[in-house]
Structure formats: structure tokens, C-alpha cells
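Q:
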Amino acid sequence: MSSQMKKKSFNLCLCWFRCFCSLLCFFVESSKAKETHIPVGVVVDLNSSVGRMAIRCMKMAHDDFYKQYSHYQTRLNLRTRDSENNVVQAASAALDLIKNENVHAIIGPLSSEQASFVIRLGHKFQVPIVSFSATSPSLPPLRSKFFIRTAPDDRSQVQAIAAIVEAYGWHEIIPIYEDTEFGKGLIPYLTETLEEVNTQVPYRIAIDPNSEEYEILNELKKLNRSQKIFLVHMTNLVGPKFFSAVNKAGKMTEGYGWIVTSGLSNVLDPLAPKVMDSMQGVLGVRPRLEKSKGLTIFKNRWKASSIKSGNVSFPLTLFGLWAYDTVWAIAMAVESKFANSKDYDTLLNEIQDIKFLGLSGNFNLSEGQLQPLELEVFNVVGRKERVIGCWSPQRGLFHENHLSSRLKLTPPIWPGDVTNQPTKFRIGVPVRKGFNEFLKVETRPSNSTPDVSGFTIDLFNEVLKPLPFPFPYEFIAFQKKNGESTESYDDLVLQIEQQNYDAVVGDITIVANRTNHVDFTMPYSESGVSMVVPMKHDERENMWIFLKPLSPGLWLTTGAAFVVTGIIIWLHERRTNTEFQGSPQQQLGIMFWFSFSTIVFAHKERLVNNWSRFVLILWVFVVLIITQSYTASLASMLTVQRLRPKFIDVNEIRKNNYSVGYMKGSYIKMLLKNQLGFKDETKLKPYETPEEYDRALASGEVAAIFDEIPYVKFFLSKYGSKYGSVGPTYKTGGFGFAFPLKSPLVPYFSRAILNVTQDEEKFERIRGKYFSSGVTYEDEYGSSIPNNPVSLTVSSFGGLFIITGVASGISLLFYLFNFGYSRSEERLLWLLQLKARIVKCLERKNSSLSANRSDSRVHPAINNTVEGDTAIITAYPRC
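First residue of the sequence shown: 7, per this note's numbering; consecutive thereafter.
1) So A758 and L473 are supposed to be a Cβ contact under 8 Å. How far apart are they, rounded?
2) Between E468, S315, A329 and P456, which lies nearest to D765 when the distance is taken from Cα to Cα?
3) Roughly how many angstroms separate the alpha carbons of T241 and L365, rounded to a whole number?
4) Report the three-state DSSP secondary structure of T156 (helix, strand or coil).
5) Is it right to say V333 is buried, meaning 16 or more other beta carbons lie within 10 angstroms of its own, or is it exposed?
6) Can you look up E178 in the DSSP assignment and give me helix, strand or coil?
7) Distance check for N204 and M528, CA to CA, integer angstroms please.
8) Could you tell me the boundaries of the alpha helix (DSSP H) in which Y220 lies?
9) Any idea what DSSP makes of N83, helix, strand or coil?
10) Only counting the same chain, and skipping five residues up and downstream in sequence, which positions put a Cβ closer than 7 Å to that of F755?
11) Would V535 pass as a contact of Y736 if the rule is Cβ separation under 7 Å?
12) Which stretch, first to last residue, makes up the alpha helix (DSSP H) that contains E767?
13) Using the rule of at least 16 other Cβ atoms within 10 Å of the residue's Cβ for burial, across every protein chain shown, is F461 buried or exposed?
14) Can you give me the C-alpha to C-alpha distance between Y530 and L630, rounded to a whole angstrom?
15) Just to confirm the assignment, what range does the beta strand (DSSP E) spanning D513 have?
16) Considering only their Cβ atoms, is the gap separating I433 from Y495 smaller than 7 Å?
17) Any contact between the segment 157-170 and the segment 262-272? By contact I mean 3 or more CB pairs, one from each, below 8 Å.
18) Residue ranges of each beta strand (DSSP E) run of no fewer than 3 residues wholly in the segment 671-731, ordered along the chain?
19) Per DSSP, what are the beta-bridge partners of L397 in this structure?
20) Candidates R126, S117 and T86: which alpha carbon is nearest V109's?
21) Going along the chain, which residues of its own chain have a beta-carbon closer than 6 Å to the beta-carbon of G780, five neighbours each way excluded?
22) Are there 16 or more other CB atoms within 10 angstroms of the CB of E187, so buried, or fewer, so exposed?
23) So, L541 versus G730, is the Cβ gap smaller than 7 Å?
24) Identify whether A567 lies in helix, strand or coil by the three-state DSSP scheme.
25) Using 8 Å for Cβ pairs, my map puts F404 next to I394. What's the rounded Cβ distance?
26) Between the beta-carbon of I4 and the beta-carbon of A710, is there less than 7 Å?
27) May I have the straight-line CA-CA distance separating M59 from L52, to the nearest angstrom?
28) Could you tell me the alpha carbon to alpha carbon distance between I211 and I180, rounded to whole angstroms?
29) In chain order, what residues of the same chain lie with their CB nearer than 6 Å to the CB of V238, ignoring the 5 residues before and after it?
30) Just to confirm my understanding: we take N368, look at its own chain, exclude 5 residues before and 5 after, and list those with CB closer than 7 Å. What are they?
31) For the candidate residues V656, T637 and A67, whose alpha-carbon lies nearest to that of W308?
32) Pull up the distance between the alpha-carbon of I112 and that of G256, whole angstroms please.
33) Mind listing, in chain order, the continuous beta strand (DSSP E) runs of no fewer than 3 residues lying wholly within the segment 410-463?
34) Name, in chain order, the residues that DSSP records as bridge partners for S372.
35) Counting pairs of Cβ atoms below 8 Å between the segment 496-509 and the segment 721-730, do you hit three or more?
36) What does a CB cutoff of less than 6 Å around D214 pick up in its chain, not counting 5 residues either side in sequence?
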């Protein structure tokens, strides 16, 4: 082909290409003419790392969205304003966007305090305010229908924080928050949730966001030494400065625990390495990202773009992802609104209805804000964040690999680069010499931790086992500077109030005045104070001890009963039984002999009268019971009561001005002075060991020893043959463990104590270790002699005396009736005989008179009349 022909062909192709390009430009321009640009405002702090990151994410979201949906008829026109980290400037920028730019929505501002003002403007001008970073609960979307939060509310993390606190058994935590709308908004919800898991918030600390580091240091110095667990709720503007001060204050060391909320944990990566170094061992919670292909691609693009642009100091965070998803949600809502009604007055309903899978996970606004399904718990180690577990409302704390401990978290590295859980409880224990079976504390100069053993300590360790949380602790010996024993248990208890100890374990008696300073658990021992006195032989009463079994009243009553019974039987038997007859002296002797011989059942006289047999049967029964009781009581007195206490009543000791002893350091000294009236302190002698008790009592240095019942019984188990416990028991609450007032640990320990003490097998095993003889402080030790033996009284046999008395009375009445009847018969017979004799006499006299007189009248005595009987009696002397 000729060159001319080639030239014509080239020109023709070029012409067609130009026509195609022109046609293509025509279609593009025609398409652009159909696009509608929707102005949307953006208010962020362009000088902050989060603000610059958010702007960059929103631009990438804008480009990605319209690259994917190039056919959409709408286009967002993002118009950015700088809030300059100032509330007034943020409100001014929003007002400018609303009035001058006619924006249909505003994204931002970053802080909750700025959002509070901008929301009011949005409500006034009916412009939706969409924030991806204002997470304070004080800004709930329900308060204003023109506020939408495309991030989770800070309240969503309080349950996870409470679960961590409960898992580690922390019952006290100090919130430290920045004094802004963001910081103050979470505290009421956090406090309420922590109280539900029995964790106290004794106080809280608010940090001014404009504070200098030295001012924060001054605030940290005000913290109590006992406070070791802290919750930090701050933004990335205040957090780095705060933790730098914490490091300098020496509180980022072993024994401390720090938790940060999502306000700071969401942006840890962008922080400088120096800040990360000051946060070693910190725990944090934040929303958990769902892994997706789109997120992985975006992260790679972000990293490549950062390297290319030189912005490597701004790593990607959750706030950037939420900002990215926010732009996509608004772009979808704008297109949907345009397609339906082309009404741009409000995009509120459309934004709330948008649902899609974003970079941060499922984008679904419930009640106007994003609801995270899960949170992750991480631990700052080096310059990385190590995820140690997760939390969800349904599962609570859990771990993906299912290999976690009972805490359901991988063991973290705590401040100080240690794996031991912080906040070891400082347990004070008293130091003393004696009664080591109960508590023994050995201190060594080379070891600051004492060796503690004994029944009380083993019981304490057993009580820890059923607790639903770990309880790390260390014992601290409470003693004088020279290493001597504890001066006063009251001083030991006050160490808790002075925050030197977190608890006190030992033989701490529960008494009223101590409960003003501490709270006690349930007692684990027998309660009360008793008096121990020496015993002596009862030589004075040995000669007449046979009279002691019966009281004087019972002796007299029994003797009277013997006499009465003998008389009644004699009355029944004397007329018909020859053995009960004879001279008056003989009858009196047999009467008493028969009655008293029934004591030994030696009576040989045979009874013939049924009534006397009846009385004797009942009386022998009474005598049997009385003699058996007498024998038993006398035997007891002869075998047991050979010793008697030298003193019975504390008043006797006090009146005679004798000295008394007590356990050194115990509250018993105050009991002796205030309650028992020993005003002279020189008469109160402190002792520490059972051997000292024995020496003081045996030598007469003291008249008595006063001590707690467990120690009294233990002392008597060793020296019971020489001493006895007498007098009343002065009530106390027993031994218990002491904790600070209103400590939430008290109910846990009280329930655990009940579980251990009510398990007899377990409790006996603990006691048997230190009381190998089988005698423990709750068993009966030796001979504990209370008061003088009590003699039997009349009331002891009142029923028997009533029965025999009634029977004897009935028998006597019958005898009297029978005796009266027999006497009337004898009198009648005598009168008849007398009458016959008198009549005969009178008849003889009448016969002689009749011979001398003609009067034939009959003497009245001859008539069988009453007048005749009277006449006979009258005439009898004459006859």
C-alpha cells in the first residue's frame, strides 16, 4: 500500500476516534448533569489524631462508595469545619454549616461535650446530627430525635467491666475520669452496676482535662495506700498525660491494677510508644471487630496509603471505621430518600433504617445507636495489645480457645511485669507467746513475711476454698517495734480503720465497742468469758457430809413422816395385834422402832390390819425412793466434790481486794474495770501463757484468772485437777474475722464460715491437727466445778409426800370413825347392864315400900321410857 493510502487510512481512524471521544464526553456530561449533590457537614478537630484519621476515612468511604455505586443519582458533598477542640467553635461551625451551606446532616463533632451543644442546634433547625465518637450516656438519642450515634453507648461496657471486677474478686475500685461530659456521663451507671456485684466505690477522682502533669501527680498523692484497683475513663487527649503521671507516682508497679474503658482503649495504637510504655499491665475493654475480607483489604490499603503519604503515625482505630461506615450509611440514606420523594429536609428515618455489613461489623442502629454484640478484653504488654478474653451479654466472660481458667480469661501480665494478681489483701495477725495451738506467729529478720500457723489459720484457709472469687493475701505480724507481743487487740483492730490492714485474722473477740470501727464475720468459736479459780480440799465438811444430800427441810419432813406413819400403824394394830400391845413404854418403843426400821426394811412385826398394810406399802415405796436418791447424791459428793473452789463469787474477790489475771492485750482488762468493778489497775495482772496462768494461781499471786471460754477450757484440759471454772459466764460474740466497715466481703466470709463449721468431718479434721488428744475448745475440759453442790429438797419429793400423806389421812379418818362406832356400842351395852341392875334394886325397894303403904304407884324407873332411864341414873347412887 502506498504511503498516500496509509495516510488517508490513519486520518480516517483518527476522525472516528475523535467522534467516539466526543460522544463519550457527551454521555459523561449528560450523566453529570443528572447527578444531585447533597451537602453534608463534617465537624471535627483537625489538629487531633482522631480527627485527621476520621477525615481520611470519610474521604476513602466517599470514594469507595461512589466507585461501587457509580450509577447513583446522588452524591454527598462533604463540607468540613474545624472545631478546634472547643465547644463554642464546634457550635459556631455547625451553625455556619446549617445556615450558610444548607447541609442536610452534620457528621460529628468528636467529643460528647461539643455534641451536647451541636445537638441543640440540630433539634432547632431539624438537621440530623450523626456522631461516631460522642459516646457519653448523657447524650441518649431518645432525648432528641435529630441525634443519631453510629457508635456504641459507653454503657455497653459497664457489664463487662463489672464481670472482670467480680472475676478477680475486687470488692473496691476507684473510678478516675476526666471532668467533662464524656467522663461524668458514665460514672452513675458504672457505680450502680458495680454495686450489683458487691463492689464498692468509696470515692471517685475527676481530672481536669486542662491539668498539667504535676497537678495530676498531686491528685494521685491523695489516694489512700489501701486503694490498689482503678478504673480510668478518659479520652486520648487526657489519658497519655495521666498515665505518665501514674508512672512517676510509682503506682504502675506490682500490687496495682488498672482498667481503661473504650474511650482510651479504642485509640491505644495511635499513641506514642512512650505512652504505651507507661501503661504496661493495663487491662482494657472495647468492642470486638468481626473479621471480614473487606476489613482486611481496607487495613492493607490504609497501611499502604499511610506509607505512601508519610502519615504512618496515624494507625487505624475503631473511630475511623465508624466514621467510614457513617459516610456509607448517609450516602445510602440520601439515595433512598431521593429515589422516593426527593425530600431532603430530614434524613433521620432513612439513616435509622439502613442496614448493611460495614467495616466495623453489622451496621444496625437500634434505638438510634449502634449496639455491639461482643466486647474484647485486652492486656497491654510491651507495645502491643494482647487479647485475653471476650464478653457478651449471653455468655459473660469467655475465651475463644476454651482453655481459660475458672476466671475465663487468659492470665494477664500485671503492672510490675508479674503474673500474680494485684491487690494482695494485707491480713494483720496478733503476735503473742502462749496458746500456740490456736495461733502461732513466727517472725524472722531475713523474711518480712511471718510464718503463721495454728487452728485459727487452718480454719481461715479452709474458709477461703468455697469463696466464689480468688482471695490473694499476705500476713503481716502486728507487734511492738522491739518484736514483743501485741500490746492491745483494740489497737490491732484500729489498724483496719487506719487503712494499714485490709482485714485481721486471729482470736479477735466480737465486742460492741469494736463494731464501731470494723465489721465482723460470723463467729467461729464458743462465746463468753469465764473465771478460773484454784480448788481446795473440803476438810471442814467431811465429818458431816452425810447430811449434805438432803436439805434441812427434807430431813425434818422425812422424820415427821416416819413418826406419823408409825403412829397411824400403831393405832390400827394396837387393839388386835399383840405385838403392838403392852405397857405404855413398850407401845411407844414399838411405834418408833417399826417406823424407822423401814429405812433398811428391817421390821419383823406382822401386821394384821389391812389399813396399816396399805399405809406401809406406800410408805415403803417412798422410803425406797428417798434412800436411793440419798445414796446416789452422797456417792456423788464423796467422789466428785472432794474439792471445792476457793472463791465462788467475783464480788468476794473484789471486796477482799485480791488480784486477778487476764490475757495480755485482750479486751478482758476493760471488762474487769468497767463491768466487774475492778477499779484498781494494780490488781489486774496480764499473762500470756497457760504456764503463767498456772504459776500465778498456784502461788496465790492472783485469786482468779479471767479469759475467753475456748482458752479457759484449753487451760483446764491441762490443769483441770487443780483449778475449776466458777461463776457466771460473761457473754461475748465469740471469735471472728474483722474487715472494714461495710465491707462486701463480710457476707461471703460469714457464709463460708458456716459451711466449714457445720461440716463436722471437716471441722473435726482441722481441730484434730492441733488438739490430738481429742479435747478441743468446744469439748468439755477436765473438771469444771460451778457452785456448791445442791442438796435435795422437799420439793424434789413433794409428790411422794402428798401421796403418802393422803393415804395416811384416809387411814386415820377410817380409824377414828371405827373407833367412835365401837365406843358407842360399848356404852349402850354398859347402859343396859346398868339399867338392869338399877331396876332390880328399885324393885326391891318398891316391894318394901308397898308393904308399908297403901299407895300402889309404880316407880318411873320400871317404865321403859326416857324418863325411866333418867330416873335410873338418878336413883343409882341411892341404890
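We put the beta carbon where it would ideally sit given N, CA and C, even for glycine. Just so it is clear, the structure is predicted and the values come from calculations on it, not from any experiment.
A: Concretely, from the data shown:
1) The count along the sequence shown starts at 1 and reaches residue 758 at position 752. The count along the sequence shown starts at 1 and reaches residue 473 at position 467. Between L473 and A758 the Cβ distance is about 6 Å, and since that is below 8 Å, they are a contact.
2) By 1-based counting over the sequence shown, the position of residue 765 is 759. It is E468 whose Cα lies nearest to the Cα of D765.
3) Along the sequence shown, one-based indexing puts residue 241 at 235. Along the sequence shown, one-based indexing puts residue 365 at 359. Looking at the two C-alpha atoms, the distance is approximately 23 Å.
4) Within the sequence shown, the letter at position 150 stands for residue 156. The answer is strand: DSSP assigns T156 an E or B state.
5) Against the sequence shown, residue 333 aligns to sequence position 327. Buried, since its Cβ has 16 or more Cβ neighbours within 10 Å.
6) For the purposes of this step, residue 178 is taken as the residue at position 172 of the sequence shown. It is a strand residue.
7) Within the sequence shown, the letter at position 522 stands for residue 528. Within the sequence shown, the letter at position 198 stands for residue 204. The straight-line gap from Cα to Cα measures roughly 18 Å.
8) The sequence position of residue 220 within the sequence shown is 214, counting from 1. Where Y220 is concerned, the enclosing alpha helix (DSSP H) stretches over E219 to K227.
9) Position 77 of the sequence shown, counting from 1, holds the residue named residue 83. N83 falls in the strand class under three-state DSSP.
10) Residue mapping note: residue 755 aligns to position 749 of the sequence shown, counting from 1. These residues qualify, in order along the chain: V469, T527 and F743.
11) Mapped onto the sequence shown, residue 535 falls at position 529. Mapped onto the sequence shown, residue 736 falls at position 730. Cβ atoms of V535 and Y736: closer than 7 Å.
12) In the sequence shown, the residue the question calls residue 767 occupies position 761. Residues E766 to Y776.
13) By one-based count along the sequence shown, residue 461 stands at place 455. Answer is buried; the Cβ neighbour count reaches 16.
14) Numbered from 1 along the sequence shown, position 524 holds the residue referred to as residue 530. Numbered from 1 along the sequence shown, position 624 holds the residue referred to as residue 630. Between Y530 and L630, the C-alpha separation is close to 48 Å.
15) Residue 513 sits at position 507 when you count from the first residue of the sequence shown. Per DSSP, D513 belongs to the beta strand (DSSP E) from A509 to T515.
16) Counted from its first residue, the sequence shown places residue 495 at position 489. Counted from its first residue, the sequence shown places residue 433 at position 427. For Y495 and I433, no; Cβs fall outside 7 Å.
17) yes
18) 690-693 and 710-714
19) Counting from 1 along the sequence shown, the entry for residue 397 is found at position 391. The identity of residue 397 in the sequence shown is Trp, whereas the question assumes Leu. Answer is L381 and L403, bridged to W397.
20) Locating residue 109 in the sequence shown gives position 103, counting from the first residue. Answer by Cα proximity: T86.
21) As a first step, residue 780 must be located in the sequence shown, where it is residue number 774. Because the pLDDT of G780 is 40, which lies under 50, any placement of that residue in the model is unreliable, and the number read from its coordinates should be weighed accordingly. Nothing meets the Cβ criterion.
22) Within the sequence shown, residue 187 is the residue found at index 181, counting from 1. E187 should be labelled buried.
23) Within the sequence shown, residue 541 is the residue found at index 535, counting from 1. Within the sequence shown, residue 730 is the residue found at index 724, counting from 1. For the sequence presented, residue 541 should be read as Met rather than Leu. Against a cut-off of 7 Å, the Cβ pair of G730 and M541 comes out as a contact.
24) In the sequence shown, counting from the first residue as 1, residue 567 sits at position 561. Residue state, collapsed to three classes: helix.
25) In the sequence shown, residue 404 corresponds to position 398, counting from 1. In the sequence shown, residue 394 corresponds to position 388, counting from 1. Going by Cβ atoms, the distance from F404 to I394 rounds to 11 Å, so no, they are not a contact pair.
26) It is not possible to answer for residue 4, since the shown part of the chain is limited to 7 through 885.
27) Counting from one through the sequence shown, the residue named residue 59 turns up at place 53. Counting from one through the sequence shown, the residue named residue 52 turns up at place 46. Between M59 and L52, the C-alpha separation is close to 9 Å.
28) If you number the sequence shown from 1, residue 211 lands on position 205. If you number the sequence shown from 1, residue 180 lands on position 174. Rounded to whole angstroms, I211 to I180 spans 8 Å at the Cα level.
29) As a working note, residue 238 is residue 232 in the sequence shown. Answer for V238: I182 and V266, listed in chain order.
30) Residue 368 sits at position 362 when you count from the first residue of the sequence shown. Within the same chain, N368 has no close Cβ partners at all.
31) Residue 308 sits at position 302 when you count from the first residue of the sequence shown. Cα-wise, what sits closest to W308 is A67.
32) Against the sequence shown, residue 112 aligns to sequence position 106. Against the sequence shown, residue 256 aligns to sequence position 250. Rounded to whole angstroms, I112 to G256 spans 44 Å at the Cα level.
33) 431-436, 446-450 and 453-459
34) Here residue 372 is taken as the residue at index 366 of the sequence shown, counted from 1. DSSP lists Q375 as partners of S372.
35) no
36) Position 208 of the sequence shown, counting from 1, holds the residue named residue 214. Hits under 6 Å: D185.
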